[in-house]
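Trainee: Just so you know, the sequences run in chain order R and B.
Heads up, the first sequence is in this note's numbering, so the first residue is 5 and it goes up one at a time.
Heads up, the second sequence is in this note's numbering, so the first residue is 5 and it goes up one at a time.
Where a beta carbon is used, it is the ideal one built from N, C-alpha and C, also for glycine.
Protein chains: 2
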Amino acid sequence: MEMGSGIDYRLISTDDHIIEPPDVWEGRLEAKFQDRAPHVIEVDDMDYWVFEGKQIPNIGLSVMAGRPYEEYSPKPVRFSDMRKGCYDPRERLRDMDRDGVEISALFPTVTGMAGTLFGECEDKELALRCLQTYNDWLADTWCAADPKRFVGQMIVPIWDLDLAVEELQRGIGLGHRALSFPNAPESLGLPNIGDPHWDPLWDAVEEAGLPVSMHIASGSMRNSPLPLAVAAGTPAEVFVTVAPSSNFVSVAPLLWSGALVKHPKLRFLSVEGGIGWIGYLIQRADEVYVKHRHWTRSVLKEKPSFYFKRQLYANFLDDEVGLAIRHHIGVDNIMFEVDYPHSDTTFPNSQELVAQRFKDIPADETRKIVRSNAIEFFDLDVE
Amino acid sequence: MEMGSGIDYRLISTDDHIIEPPDVWEGRLEAKFQDRAPHVIEVDDMDYWVFEGKQIPNIGLSVMAGRPYEEYSPKPVRFSDMRKGCYDPRERLRDMDRDGVEISALFPTVTGMAGTLFGECEDKELALRCLQTYNDWLADTWCAADPKRFVGQMIVPIWDLDLAVEELQRGIGLGHRALSFPNAPESLGLPNIGDPHWDPLWDAVEEAGLPVSMHIASGSMRNSPLPLAVAAGTPAEVFVTVAPSSNFVSVAPLLWSGALVKHPKLRFLSVEGGIGWIGYLIQRADEVYVKHRHWTRSVLKEKPSFYFKRQLYANFLDDEVGLAIRHHIGVDNIMFEVDYPHSDTTFPNSQELVAQRFKDIPADETRKIVRSNAIEFFDLDVE
Ligand SMILES: [Mn+2]
Ligand SMILES: [Mn+2]
Ligand SMILES: [Mn+2]
Ligand SMILES: [Mn+2]
Chain R
5 MEMGSGIDYR
15 LISTDDHIIE
25 PPDVWEGRLE
35 AKFQDRAPHV
45 IEVDDMDYWV
55 FEGKQIPNIG
65 LSVMAGRPYE
75 EYSPKPVRFS
85 DMRKGCYDPR
95 ERLRDMDRDG
105 VEISALFPTV
115 TGMAGTLFGE
125 CEDKELALRC
135 LQTYNDWLAD
145 TWCAADPKRF
155 VGQMIVPIWD
165 LDLAVEELQR
175 GIGLGHRALS
185 FPNAPESLGL
195 PNIGDPHWDP
205 LWDAVEEAGL
215 PVSMHIASGS
225 MRNSPLPLAV
235 AAGTPAEVFV
245 TVAPSSNFVS
255 VAPLLWSGAL
265 VKHPKLRFLS
275 VEGGIGWIGY
285 LIQRADEVYV
295 KHRHWTRSVL
305 KEKPSFYFKR
315 QLYANFLDDE
325 VGLAIRHHIG
335 VDNIMFEVDY
345 PHSDTTFPNS
355 QELVAQRFKD
365 IPADETRKIV
375 RSNAIEFFDL
385 DVE
Chain B
5 MEMGSGIDYR
15 LISTDDHIIE
25 PPDVWEGRLE
35 AKFQDRAPHV
45 IEVDDMDYWV
55 FEGKQIPNIG
65 LSVMAGRPYE
75 EYSPKPVRFS
85 DMRKGCYDPR
95 ERLRDMDRDG
105 VEISALFPTV
115 TGMAGTLFGE
125 CEDKELALRC
135 LQTYNDWLAD
145 TWCAADPKRF
155 VGQMIVPIWD
165 LDLAVEELQR
175 GIGLGHRALS
185 FPNAPESLGL
195 PNIGDPHWDP
205 LWDAVEEAGL
215 PVSMHIASGS
225 MRNSPLPLAV
235 AAGTPAEVFV
245 TVAPSSNFVS
255 VAPLLWSGAL
265 VKHPKLRFLS
275 VEGGIGWIGY
285 LIQRADEVYV
295 KHRHWTRSVL
305 KEKPSFYFKR
315 QLYANFLDDE
325 VGLAIRHHIG
335 VDNIMFEVDY
345 PHSDTTFPNS
355 QELVAQRFKD
365 IPADETRKIV
375 RSNAIEFFDL
385 DVE
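1) Runs of 4 residues minimum, wholly inside the stretch 146-198 of chain R: which ones carry the alpha helix (DSSP H) assignment?
2) Should B:E291 be listed as close to ligand 1, given that the test is whether its C-beta is under 7 Å from any heavy atom?
3) Can you tell me the Cα-Cα spacing of B:R153 and B:D385, whole angstroms?
4) Verify the CB distance criterion: does R:Q287 have a CB-CB separation below 8 Å to chain B?
5) I want to know whether the stretch 185-198 of chain R touches the stretch 245-261 of chain R - three or more CB-CB distances under 8 Å.
6) With DSSP as the reference, please indicate the residues paired to R:L110 in a beta bridge.
7) Kindly indicate which three-state DSSP category B:N319 falls into: helix, strand or coil?
8) In the DSSP assignment, find the alpha helix (DSSP H) that holds B:D368 and state where it starts and stops.
9) Could you say which of R:Y284, R:E56, R:P80, R:Q38 lies nearest to R:D48 if we only look at CA atoms?
10) In the DSSP output, which residue or residues are listed as bridge partners for B:Y52?
11) Any C-beta of chain B within less than 8 Å: which residues of the stretch 175-208 of chain R qualify?
12) Work out the CA separation of R:I333 and R:F340 for me, nearest whole Å.
13) Taking the alpha-carbon of R:F243 as reference, which of B:E210, B:A289, B:W202 has the nearest alpha-carbon?
14) What number of angstroms, rounded off, separates the C-alpha of R:S17 from the C-alpha of R:V342?
15) At least one CB of chain R closer than 8 Å to the CB of B:K313: is that the case?
16) Let me make sure I understand the geometry here. Which of B:M117, B:D140, B:L172 has the alpha-carbon closest to that of B:G223?
17) Starting from B:L130 and walking both ways along the alpha helix (DSSP H), at which residues does that stretch end?
18) If you draw a straight line from the alpha carbon of B:C134 to that of B:D27, how long is it in whole angstroms?
19) Quick check on DSSP: helix, strand or coil for B:K58?
20) So B:D113 and B:F122 are in contact, right, with Cβ under 8 Å, and what is the actual spacing, rounded?
21) Which residues, in chain order, sit with a beta-carbon under 6 Å away from any heavy atom of ligand 2?
22) Looking at the C-beta of B:E356, does it have a partner C-beta in chain R at a distance below 8 Å?
23) Are R:R102 and R:P257 touching if we call contact CB-CB under 8 Å?
24) Would DSSP call R:R96 helix, strand or coil?
25) Are the Cβ atoms of R:T238 and B:W202 separated by less than 8 Å?
26) Nearer than 7 Å: is that true of the beta carbon of R:D19 relative to any heavy atom of ligand 1?
27) Suppose you measure from the CA of B:L142 to the CA of B:F111; what does that come to, to the nearest Å?
28) Runs of 4 residues minimum, wholly inside the stretch 256-314 of chain B: which ones carry the alpha helix (DSSP H) assignment?
29) Check this for me: beta carbons of B:I338 and B:I286, under 8 Å apart or not?
30) Within 8 Å of any Cβ in chain B, is that where the Cβ of R:S222 sits?
31) Would B:E427 pass as an interface residue toward chain R - the criterion being a Cβ-Cβ separation below 8 Å?
32) Have a look at the DSSP bridge pairing and note the partners of R:H219.
33) Can you name the start and end residues of the alpha helix (DSSP H) that R:F340 belongs to?
34) Please list the residues of the stretch 324-338 of chain B that have a C-beta atom closer than 8 Å to any C-beta atom in chain R, keeping them in chain order.
35) Does the beta-carbon distance from B:L345 to B:V67 come in below 8 Å?
36) So with Cβ pairs under 8 Å, would you call B:Y76 a contact of chain R?
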């Protein structure tokens with residue numbers, strides 16, 4: 005059996021980040037909103053985004069691609085001190101070439117990874133226009149730079165489901181291929197991700213055949229039900245350690261809610277959560293189904309693993325334990341990611357890392373995990 | 005190589021529960037406290053413990069041993085409707101014989117699994133005397149019934165560290181072999197388990213060579229930082245699914261806090277948390293150490309996995325995924341448990357289950373995991 009290390013194709017990364025350049029909202033809004041749209045100011049030799057009275061810097065740990073670990077720091081970084089691939093699509097493509105990555109699925113930064121910055125804005129007309137403008141800009145700049153290599157993931161106004169469905173349709177028209185949805189909507193004061201509240205959005209998403217990405221920490225960081233509660237009064241490493249697996253705030257409710265039963269074609273990707281804990285979660289859920297479904301009157305017709313296999317996916321950067329138990333998760337349900345330009349990124353060593361981690365894994369499974377599963381998931385037009 | 009299924013010895017269970025009979029506190033306290041000690045009353049054909057105005061029933065799911073899953077229910081159960089092994093040590097020994105279990109480590113129920121019922125009591129003199137009485141009663145009844153087969157785990161007054169150290173010494177004198185400490189003291193308004201606040205207790209525990217058990221959900225259920233936050237507005241199955249792995253509220257802070265550096269002989273057991281997620285947690289912690297320790301200025305001198313291997317342990321009931329990655333955790337660091345009489349218990353099928361789950365695992369590893377590791381951990385006087 006041929007093992008995976010003889011990889012003669014490029015990887016697909018299912019999670020990377022755009023650090024928005026200062027001009028995203030420039031000249032794209034009506035006069036009455038233009039001045040209030042997010043814009044960059046300089047204060048004491050630092051760049052800040054300004055929106056609705058908030059001053060938001062780019063955190064160092066979000067732009068560490070290519071730096072040695074000794075330089076890692078949460079301290080804000082100016083645009084001029086960032087690697088250009090952070091904010092420039094052509095430079096990004098060059099970095100992807102360096103890293104052996106053909107295609108990249110993109111998340112925003114300043115808007116919140118699922119657009120939650122705008123959900124907090126009181127003027128909902130302003131919020132909607134700013135959000136739409138991000139989707140426009142994403143299509144016109146990054147995706148236009150190479151429509152085959154950048155997968156645009158749109159944000160929608162989740163505070164109003166009618167508007168959200170409308171923006172979803174509009175975003176599809178712009179060429180976007182996935183929806184970025186907050187992993188923990190309850191942290192935003194909204195119903196849990198499994199709640200029937202979201203049915204109208206899921207109906208539209210399912211109808212469109214679009215997948216949904218749930219990035220870790222894409223809800224509110226302030227009210228996140230998980231990592232911050234664990235981290236209170238503990239060293240910073242605790243938060244960094246538990247942040248990925250905290251995505252069980254999405255996966256467990258989705259498995260049990262009935263949303264996957266009602267929407268059999270809806271597909272969700274747990275993003276940057278890693279996979280080493282997911283085999284356990286599926287196993288535990290099945291055990292709970294066997295032992296507890298009678299008193300809980302579960303709405304599931306099959307074991308949770310059935311719905312996971314059919315509709316849930318998870319990605320990872322470097323996860324030896326997860327690969328060891330890949331058959332407990334499903335080799336069709338896991339995907340590689342690079343997380344450029346964040347501190348945990350595999351850039352510029354993705355090819356080497358994959359060759360090393362997959363050396364004992366059959367070639368067909370390897371190709372699925374680092375490439376083909378993503379092609380199918382995002383419905384990409386490549387081999 | 006001989007595989008594990010030829011098991012010709014009895015198992016050791018590192019987690020079982022006493023459902024206290026009504027007479028635990030009867031005739032054991034000074035007159036001024038006797039009436040105020042926990043006692044059982046009957047209301048509308050149900051038994052309730054009464055303490056400081058609280059009325060506490062025995063939850064059905066805690067006494068399901070031997071029942072078919074179809075009968076599982078959280079509804080309160082009377083003593084007369086329970087299997088006698090729940091509250092009677094001689095009946096428990098017979099059930100252990102039926103199940104092929106030689107030795108059992110015991111946790112209390114009505115006191116909270118780490119004695120937290122008394123921490124909430126305003127009269128701290130009453131609280132201390134009631135807590136001490138549980139430790140006395142445990143020694144005089146269950147442990148006395150068979151000192152070789154029951155491992156007494158004591159509770160201590162964690163609201164006052166001087167008293168806690170005193171009670172620890174007293175409990176050791178009574179023959180108890182472990183301390184049951186809340187997995188999430190922050191849920192009780194106390195410092196996190198890794199906080200230097202606990203140093204005086206850890207000094208005494210380390211000096212005594214005693215291990216510490218941290219049972220899932222042994223903090224306050226009301227303020228638990230994890231499962232309840234995840235479960236808000238979700239089906240009951242979500243809570244049941246995530247409750248075990250929520251023990252990362254203990255494991256992650258312990259790994260990073262420096263408590264294990266300062267107390268190199270201190271040993272902690274994550275109880276009923278399962279092990280299938282722990283390989284991932286250790287791997288992630290090591291990754292965080294490599295990438296992030298510079299900016300976090302970690303207090304660790306070695307990778308987190310070094311401290312885990314030396315000082316942390318975890319047990320499980322039925323965890324195929326966990327066994328598949330046992331070498332990522334350490335075969336010396338994992339132990340079997342029965343969880344009698346809770347709903348997830350392996351009773352009365354523990355021998356069969358172990359034979360099945362360990363059939364492809366080498367005999368020496370099997371023996372460690374289902375027996376020898378527990379002998380060493382609790383310093384038991386058997387082979
Ligand atoms: Mn990411
Ligand atoms: Mn990231
Ligand atoms: Mn237990
Ligand atoms: Mn239990």
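Mentor: According to the data block:
1) The qualifying runs are 165-177.
2) For this step, residue 291 of chain B is matched to residue 287 along the second sequence. Checking the Cβ of B:E291 against ligand 1 gives no.
3) Counting from one through the second sequence, the residue named residue 153 of chain B turns up at place 149. Counting from one through the second sequence, the residue named residue 385 of chain B turns up at place 381. Each residue's CA atom was taken as its position, placing B:R153 and B:D385 some 10 Å apart.
4) In the first sequence, the residue the question calls residue 287 of chain R occupies position 283. Interface criterion met: the Cβ of R:Q287 is under 8 Å from a Cβ in chain B.
5) Look at the beta carbons and you see the stretch 185-198 of chain R touching the stretch 245-261 of chain R: at least three pairs across the two are nearer than 8 Å.
6) To locate residue 110 of chain R, count along the first sequence from 1; it is residue 106. Answer is R:D20, R:G156.
7) Here residue 319 of chain B is taken as the residue at index 315 of the second sequence, counted from 1. Of the three classes helix, strand and coil, the one that applies to B:N319 here is strand, per DSSP.
8) Here residue 368 of chain B refers to the residue found at position 364 of the second sequence. 367-371 is the span of the alpha helix (DSSP H), which, as asked, contains B:D368.
9) Numbered from 1 along the first sequence, position 44 holds the residue referred to as residue 48 of chain R. Closest option to R:D48, judged by alpha-carbon separation, among R:Y284, R:E56, R:P80, R:Q38: R:P80.
10) Position 48 of the second sequence, counting from 1, holds the residue named residue 52 of chain B. Per DSSP, B:I45.
11) Flagged, chain order: E190, P195, N196, G198, D199.
12) Looking up residue 340 of chain R in the first sequence gives position 336. Looking up residue 333 of chain R in the first sequence gives position 329. The alpha-carbon atoms of R:F340 and R:I333 are separated by roughly 14 Å.
13) As a position in the first sequence, residue 243 of chain R is number 239, starting the count at 1. Out of B:E210, B:A289, B:W202, the CA that lies nearest to the CA of R:F243 is found in B:A289.
14) Taking the first residue of the first sequence as position 1, residue 17 of chain R is located at position 13. Taking the first residue of the first sequence as position 1, residue 342 of chain R is located at position 338. Going by the C-alpha atoms only, they are around 5 Å apart.
15) In the second sequence, the residue the question calls residue 313 of chain B occupies position 309. Answer no: the Cβ-Cβ gap between B:K313 and chain R never drops below 8 Å.
16) As a working mapping, residue 223 of chain B is identified with position 219 in the second sequence. From the listed residues B:M117, B:D140, B:L172, the smallest Cα separation to B:G223 is found for B:M117.
17) For this step, residue 130 of chain B is matched to residue 126 along the second sequence. Per DSSP, the unbroken alpha helix (DSSP H) holding B:L130 starts and ends at 128-142.
18) For the purposes of this step, residue 134 of chain B is taken as the residue at position 130 of the second sequence. For the purposes of this step, residue 27 of chain B is taken as the residue at position 23 of the second sequence. Using only the alpha carbons, I get a separation of about 13 Å.
19) Working through the second sequence from its first residue, we reach residue 58 of chain B at position 54. Of the three classes helix, strand and coil, the one that applies to B:K58 here is strand, per DSSP.
20) By 1-based counting over the second sequence, the position of residue 113 of chain B is 109. By 1-based counting over the second sequence, the position of residue 122 of chain B is 118. At residue 113 of chain B the sequence reads Thr, which differs from the Asp that was named. Actually they are not in contact, since the Cβ atoms of B:T113 and B:F122 sit about 14 Å apart, beyond 8 Å.
21) In chain order, the qualifying residues are R:E276, R:D343, R:H346, R:D348.
22) Counted from its first residue, the second sequence places residue 356 of chain B at position 352. Interface flag for B:E356 against chain R is unset, since no Cβ pair is found closer than 8 Å.
23) Residue 102 of chain R sits at position 98 when you count from the first residue of the first sequence. Residue 257 of chain R sits at position 253 when you count from the first residue of the first sequence. Not in contact: R:R102 and R:P257 (Cβ atoms no closer than 8 Å).
24) Against the first sequence, residue 96 of chain R aligns to sequence position 92. DSSP places R:R96 in the helix class (H, G or I) of the three-state scheme.
25) In the first sequence, counting from the first residue as 1, residue 238 of chain R sits at position 234. In the second sequence, counting from the first residue as 1, residue 202 of chain B sits at position 198. The Cβ atoms of R:T238 and B:W202 lie no closer than 8 Å to each other.
26) Taking the first sequence and counting its residues from 1, one reaches residue 19 of chain R at position 15. Correct: R:D19 has its Cβ closer than 7 Å to ligand 1.
27) Here residue 142 of chain B is taken as the residue at index 138 of the second sequence, counted from 1. Here residue 111 of chain B is taken as the residue at index 107 of the second sequence, counted from 1. Just so you know, the alpha carbons of B:L142 and B:F111 end up roughly 10 Å apart.
28) Residue ranges of uninterrupted alpha helix (DSSP H) with 4 or more members, entirely inside the stretch 256-314 of chain B and ordered along the chain, are 263-266, 282-300.
29) Reading the second sequence from its first residue, position 334 is the one you call residue 338 of chain B. Reading the second sequence from its first residue, position 282 is the one you call residue 286 of chain B. No, the pair does not count as a contact, with Cβ atoms beyond the cut-off.
30) Position 218 of the first sequence, counted from the start, is the residue given in the question as residue 222 of chain R. R:S222 does not count as touching chain B.
31) What is shown of chain B runs 5 to 387, which leaves residue 427 of chain B out entirely.
32) Along the first sequence, read from residue 1 onward, the residue named residue 219 of chain R stands at position 215. R:V275.
33) In the first sequence, the residue the question calls residue 340 of chain R occupies position 336. For R:F340, there is no enclosing alpha helix (DSSP H); the enclosing beta strand (DSSP E) covers residues 338-340.
34) Those residues of the stretch 324-338 of chain B that come within reach of chain R (Cβ to Cβ, closer than 8 Å) are E324, V325, G326, A328, I329, H332.
35) Sequence index remark: in the second sequence, residue 345 of chain B carries index 341 (1-based). Sequence index remark: in the second sequence, residue 67 of chain B carries index 63 (1-based). One detail in the question is off: residue 345 of chain B reads as Pro in this sequence, not Leu. A contact, by the Cβ cut-off of 8 Å.
36) Numbered from 1 along the second sequence, position 72 holds the residue referred to as residue 76 of chain B. Chain R, which has a Cβ nearer than 8 Å to the Cβ of B:Y76, makes this yes.
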